[in-house]
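J.:
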Amino acid sequence: MLEHFRATREAKDAREPRDIEAEELEASREPDLPEYTVPPTVNPTILDSRAKGPNLRTDFEADKLFMQDLRTFYNSDPLFKKIIDRPNDHPHFRLSEES
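When we follow UniProt numbering, the leftmost residue of the sequence shown carries the number 1, and every step to the right adds one.
So, in structure tokens, the structure goes:
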């Protein structure tokens with residue numbers, strides 16, 4: 001009877017390889033990072049799109065190719081498209097043909 005009790009107890013205490021592997025994986029799991037979410041708007045405002053960090057204007061103004069590409073893509077940008085379509089509604093911006 002005692003042998004049966006020991007065998008039963010050992011069977012209950014025995015861990016299957018899959019359980020051991022699951023515990024190891026859980027222990028080594030990287031913490032969940034907060035998910036980056038896209039703002040729920042397709043109609044951005046100036047405040048939504050303003051940059052944070054160093055002022056890059058001086059670097060980019062010296063790069064003529066960058067400035068040319070920037071002007072080319074203004075019309076397809078959702079924010080600047082609003083300004084181009086209704087410049088009088090945005091007094092802090094001006095349309096210019098400067099190169």
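For each residue, glycine too, the CB sits at the ideal point set by N, CA and C.
Do Tyr74 and Phe80 have their C-beta atoms within less than 8 Å of each other?
T.: Their beta carbons are under 8 Å apart, which means Tyr74 touches Phe80 by this criterion.
J.: Any idea what DSSP makes of Phe80, helix, strand or coil?
T.: Looking at Phe80 - three-state DSSP - the assignment turns out to be helix.
J.: Need the endpoints of the alpha helix (DSSP H) that Ala27 sits in, please.
T.: Looking at the DSSP string, the run of the alpha helix (DSSP H) that includes Ala27 is 17 to 28.
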